[in-house]
Each structure stands twice: as structure tokens, then as C-alpha cells.
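Here is the structure we will look at, set down as C-alpha cells.
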Amino acid sequence: MEWVLFVSQLLNGLQLGVLLFLLAAGLTLVFGIMDFVNLAHGSLYMMGAYFCVTLNPLLGSFPLAVLVAVVLTFILGIAVELVVSRHLYQRDHLDQVLATFGLILFFNGAVHLIWGPEGNPIALPEYLNGRFILPAGIEIPTFRVAIIATGLAVAAGLIWLVTMTRMGMLIRAGASNRRMAGALGVDIKKLFTLVFALGAAMAGLAGMMITPITEANIGMGDDILIVAFVVIIIGGIGSIRGAFIAALIVGMIDVMGRSYLDGFMKLFLDNQSAETASPALSAMAIYILMAGILYFRPRGLFPPRHR
Amino acid sequence: MQLSRPPVRLGVRLLVLLTFAILPGLTAAFDQPFLLDLALRMMILATAAVSLNLILGYGGMISFGHAAYIGIGAYAVGIPAYYGEYSGYVQLPLAIGAGALFALITGFICLRTKGVYFIMITLAFAQMAYFAFVSIEEYGGDDGLVINLRSKFTGVIDMESTHEFYYVVLVFLVGALYLVSRIVNARFGMVIQGAKDNEPRMQSLGFDTFRYRLACYVIAGAMAAAAGWLMGNYNYFFSPEMMSWTHSGELIFMVVLGGAGSLFGPVLGAIVLIILEEVLSGATVYWPLILGAILISVVLFARGGLEGALAMLERRK
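Taken in sequence, the protein lines are chains C and G. For the first sequence, our numbering begins at 90 and goes up steadily by one. For the second sequence, our numbering begins at 812 and goes up steadily by one.
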């Protein structure tokens, strides 16, 4: 029984890590290349989820709905970039923070207006709603496996895109020296729009993957966004590899802390104080980790070489 | 000519403070206690915004976690009250001390970083405080707890009397403005502002800018916690929600809307934002949509904030 629980927590940690990576990858790319702080990234996560909520019954197929919703979020990303973000790249971080904070309010209000204040579930099809039964009585929900597989596939695709393709080369060139890349004839503006929309699509995908488990809610992206920030800070802002490793670490620590910290603390505290202290401590665990890492490495684990 | 310019900004400042000062009389005369309530909220948040302006406007430290201090201040009312300790002589120093301590510990780590790292780390630490209090069931967890009585200063002030509490809040606001004006015009404040403009230069002049900044950060945290102490008393309530990062965002908006780095700007920003929220939320439940659009437009099209606009007015005439 212990083992069954442990394996399922391990998977939960992996799942959270993968979702965090989908969010953090876009954030870290946008920041690494455009020096742009996007608080509204969580809103794109929310919008993706809501697109999927509407499309799922309409199209009658969850994978198809996800596919179309990803495209829609991509287009929304382009729109946000053209209307708001583009005008902020030259501004200081304070202006960016404020304007994207305004975007959050705007999107939360818009979702309230369109979808109403209640949570919206997504019903999964039969084939995703089952369980894999492994030996030793370990059961794994199919959908969790699907989330992890999708997330890892997107991560692999992104790393391939950035390191192996011509476009990835342009992205990296833009990240290390924006003006030089522009002078050499790269259409920087178009590249920025594309990267922003790519990040939006990945955030939206993460939102769609979590919604069948939780529900789509107004402001659902606001809290997880902060965790995504923690991830890119730990990983080093601008580094995809750093974001991936940090996302897995943060996901694992968060899940494991919540399930095992009180047992661990009971080893050296009495039951009463362990039970009061451990929820607070496990809620703080990832921030303490972040503080510890920053104390020794103020620019994260894998700081980008330039800048 | 210096003298021929109409002192618009000075006039606005005096007008605002004077209005705040005589408002209890007016609201009593016209029987509008609701306005007094609104003014209280403005003054409390203005006090917090003034403290944020000290680090953000003058020091260039963009803290996105300032609401955490308001929460800490409110818990410093609520937790002692939960155990039956209502004395303001305990609660107020506790609020200020806890705010300063939290600022000292987090500032020690945050201030090692720069720019966007600093923004995100202050945000993350505030979120940490938020989740820590959410998970403490003893003090109401997510829902928070009601505070039965306001802080007691027996024989000196009766905080339960709305008017006496009102003037306590006004004294705190004026005190915060006075403190910040003294700080930024002192040598200490000059170092802080110098480090904002050019840190290596200040360092090569021999200033340990990290220590100056940390001291400044702690002062601002303590001030914001004092505002939180007022907020807890005002609401008769404390909950983790007071620390949520949307409130930190609102505080930044107040500072920027009013004009970052101008003494009185945050007060104007707080007044305008609260009026805006009050009007919009009265008009439609979808008010965040409109407020968000206004916020974006302010950032995109208006620079320098309200104080900047007033200064322009002075120059034009």
C-alpha cells in the first residue's frame, strides 16, 4: 500500500512538473528573447482551458478540441502581442508588469462575461477516463499518463525546435543579441510575435490538460503563474533546459512535501506540532528552495550566458 | 520665473489633506457615513502606497509583494485578539516588528538580485506568506477570522469610535508622508536615489548600497505593516486574501497612477483607483474588464502619473 501511494504521488509530481514546464517554457522564452515580463501568461493558460471547454462538446472529440483550442490560443497570443505587448518591449519592467496586470483583470472580466462565474468541467471520453493496472496493485489513471506523455512530447519538440531548426537558430540569435540579429536581416518583429504566440499556445495547452481534472475557473492561471515564475527563476531566466529541470524539481517537491512532510516531521516532533506545522511548511517548500538557490546563485541554476 | 507659477501641486495636496481632515464633520452634517468609510479605505491604502513608493519610486526596487505586509499587519491584530490580547500597545509594535522582520529576511535574499528577478522574487515571497497563512487552520485558514474588538488604547483613544479611529488613520497617513519626505531628503535617501540611478557610481563613492537598500526595504515593510494594522482594525477581519498578489498589483498601480517617485503621488493614485473601483463595481459586475483596459491605457499612453500631469499644468501657465 505504501508503495502504491508513493508511485502515484511520483506520477502526480511528474504531472505537475510537466504542466509547469509548459507554462514556464513560454515565459522564459518571451523573457529571454524580448526582455518582457508577462504576468498575463496565466490568463492565456485560462483562455486555453475555456476554449477547450466550449469546443469539447461542440466537436465531440477531446483530442480534436485540444488541437483547435491550441490553434485559437496561438491566434489569441498573436492578437495580444500586436495590440499590447509589442508596445511595451522598449518600456521598463514596471510598465510591463502593470500593463500585463491590466490584461489579467481584462481577461478575468471577459471570461466572467462570456462563460459566467461558475467553474466549467470538461468531460473526458471513455478511453481517457480509465486506468492502467500494473502489477503489485498499482493503478494509474490513463489521463495522467496522457498528460505526462503530451507534456514530454511538447518539451522534446520545443527543444528540437530551438536547437535543431533554422527558426530555433533565429530565436537563439534574437535571445543573445537582438539588435545584431535585426541588423543581419532577421525580421525581429515577426519573430517576437511568433515566439509570444508559441508561448501562449503552450500555456493554453497546459490549461486544457488540467481542466478535466480540476475545472476551468476565473483566475485559474493566477496562482500557478507564480509557481511558473519560481520555476524560471530557479532554472535561470531564458534557459529552456533550466526551465525543464526546475519544473520537474518544483513539481516533485511540491507534491512530495504535501504528502510526506508530516510523516517526516513526526520523526522528531510530537504529533500535534507536526500536524500544525507541516501544511504551512510544505506550502512554503518551493519558495524556501527558491530562496536557498538564489542565495547561492542569484541568477538561477542555468543562467543564460549573455545579458 | 519661479514665483509667477501657480503652485498647483501644493494646492492639490493641501486641498486633499484638508478635505480628509474636515470630512467627518461634513459626512455627519450630510448624513453620508458611507463616504467616511470610503475615505478610511483610501487613507489606509494610501499609507501603504506611500510606503511602497519609498522603495519603488525613490529606490527603484519594484516590489510586487507589498500586500504581504498589509496581511502581516492585520494578522498582528487578529492573532493576539484570538488569544484575548486586545491591547494596541502590544498589537501595533507587533505589526511593525513582524513587518520589519519579514522585510529583513526576505530583503536579504531579494536584494541580492536585480531587475526582473527582484520583481518575481518579491512576488514569490508574498505568495509564500499567503499560502503559509492559508494552510494554518487555527487562524481560519482560507476564510480568515473575525476580530471582535479593535486595538485598545484604554484611556487614550477609543478606536471603536469611528471618528477617533478616522483621525488615528489620518495621523498615520500624514506621519507616513512626513517620514518619507524626511527620508528622501536626508543623506540616507540621497544614497538610495543615487543607487537607483547608478549603483556602481554609489559603490565606488564608498557606499555599501546593499545595506542602504536593505534598511530602506525594512522601513517600507514596517510602514506597510502599520497600514495593515489599520486595515485589520478597519475591517474587524483578517484573511490571507489581503496578501494576494492582485492587491500587490493594485498598490503598484496606485503608485504609478499617482506618479512614482513623487511624495504625494501615491495618495492621489489611491484616491483615484478606489473611486474608480467603487464607480465601476457599482455599475457592472464585469468591472475588472473595464478597469483592466483603463490600466493598460494608462501605462501605454499616460506617463509620469497624476503628479506629472499636475507638474505639466504648473509649467504651462
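For glycine and all other residues, C-beta sits at the position ideal for the given N, C-alpha and C.
{"Asked": "Proximity to Ala295(C) [Cα-Cα], best of Ala262(C), Val155(C), Ile122(C) and Gly352(C)", "Found": "Val155(C)"}
{"Asked": "Test item: CB-CB of Val823(G) and Leu1068(G) under 8 angstroms", "Found": "no"}
{"Asked": "Proximal chain C residues relative to Phe1021(G), where beta-carbon distance stays under 8 angstroms", "Found": "Residues of chain C passing the Cβ test: none, with the nearest at roughly 12 angstroms."}
{"Asked": "Other residues of its chain near Ala332(C): CB distance less than 7 angstroms, five sequence neighbours each side excluded", "Found": "Phe110, Ala113, Ala114, Thr117, Val320, Ile321 and Gly324"}
{"Asked": "Distance CB(Ala292(C))-CB(Leu133(C)) smaller than 8 angstroms", "Found": "yes"}
{"Asked": "Proximal residues of chain C, C-beta to C-beta of Met931(G) below 7 angstroms", "Found": "Phe318 and Ile322"}
{"Asked": "Reduced DSSP category for Val945(G) - H, G, I as helix; E, B as strand; rest coil", "Found": "helix"}
{"Asked": "Status (buried if at least 16 other CB within 10 Å, exposed otherwise) for Asn218(C)", "Found": "exposed"}
{"Asked": "Same chain only: Cβ atoms within 7 angstroms of Val1109(G), ignoring 5 sequence neighbours per side", "Found": "Leu1068"}
{"Asked": "Selection from Gly870(G), Gly1017(G) and Ile958(G) that minimises the alpha carbon distance to Asn1046(G)", "Found": "Ile958(G)"}
{"Asked": "Within chain G, the residues that His176(C) reaches when beta carbons sit closer than 8 angstroms", "Found": "Leu1111"}
{"Asked": "Contact list for Ser946(G) against chain C, beta-carbon separation under 7 angstroms", "Found": "Pro368, Ala369 and Ala372"}
{"Asked": "7 angstroms Cβ shell around Phe285(C) - same chain, five flanking residues per side excluded", "Found": "Val119, Gly166, Glu170 and Ser174"}
{"Asked": "Contacting positions in the region 905 to 920 of chain G - beta carbon closer than 7 angstroms to chain C", "Found": "Ile920"}
{"Asked": "Closest by C-alpha distance to Arg923(G), when choosing among Met1065(G), Asp1019(G) and Asp954(G)", "Found": "Asp1019(G)"}
{"Asked": "C-beta neighbour in chain C for Pro1099(G), strict 8 angstroms", "Found": "yes"}
{"Asked": "Where Ala335(C) meets chain G, residues with beta-carbon distance less than 8 angstroms", "Found": "Chain G residues near Ala335(C): none, gap ~13 angstroms exceeds 8 angstroms."}
{"Asked": "Chain-order list of residues whose beta-carbon lies under 8 angstroms from that of Ala1022(G) (same chain, five-residue window excluded)", "Found": "According to the sequence displayed, residue 1022(G) carries Arg and not Ala. Taken in chain order, the list of residues that qualify is empty."}
{"Asked": "Sequence-distant residues of the same chain with beta carbon closer than 6 angstroms to Glu971(G), five excluded per side", "Found": "Arg961"}
{"Asked": "For Ser898(G): DSSP bridge partner residues", "Found": "Lys963(G)"}
{"Asked": "Ala1113(G) and Ala860(G) closer than 8 angstroms at C-beta", "Found": "no"}
{"Asked": "Boundaries of the beta strand (DSSP E) in which Phe221(C) is found, first to last residue", "Found": "Arg220 to Leu223"}
{"Asked": "Simplified DSSP assignment, three categories, for Ile326(C)", "Found": "coil"}
{"Asked": "Residues, ordered as in the chain, of the region 178 to 201 of chain C that lie near chain G by beta-carbon distance below 9 angstroms", "Found": "Arg180, Asp181, His182, Leu183, Asp184, Gln185, Val186, Leu187, Ala188, Thr189, Phe190, Gly191, Leu192, Ile193, Leu194, Phe195, Phe196, Asn197, Gly198, Ala199 and His201"}
{"Asked": "Ala1035(G) versus Ile907(G): straight-line alpha-carbon distance, rounded", "Found": "8 angstroms"}
{"Asked": "Pro1051(G) and Gly882(G) closer than 8 angstroms at C-beta", "Found": "yes"}
{"Asked": "Coil, strand or helix - Pro230(C) by DSSP", "Found": "strand"}
{"Asked": "With 16 other Cβ atoms within 10 Å as the buried cut-off, status of Pro301(C)", "Found": "buried"}
{"Asked": "Alpha-carbon spacing of Ile260(C) relative to Val172(C), whole angstroms", "Found": "22 angstroms"}
{"Asked": "The region 201 to 218 of chain C contacting the region 259 to 273 of chain C, beta-carbon criterion three pairs below 8 angstroms", "Found": "no"}
{"Asked": "Option nearest Leu247(C) by Cα separation, candidates Ser328(C), Ile382(C), Leu383(C) and Met135(C)", "Found": "Ser328(C)"}
{"Asked": "Residue environment, Ile1063(G), which counts as buried when at least 16 other CB atoms sit within 10 Å", "Found": "buried"}
{"Asked": "Minimum C-alpha distance to Ala305(C) - residue among Ala336(C), Trp204(C), Glu364(C) and Leu287(C)", "Found": "Trp204(C)"}
{"Asked": "Assigned exposure category for Trp1040(G) - 16 Cβ within 10 Å defines buried", "Found": "buried"}
{"Asked": "Neighbour flag for Thr365(C) against chain G, beta carbons, 8 angstroms", "Found": "yes"}
{"Asked": "The region 979 to 998 of chain G in contact with the region 854 to 872 of chain G per 3-pair CB rule at 8 angstroms", "Found": "yes"}
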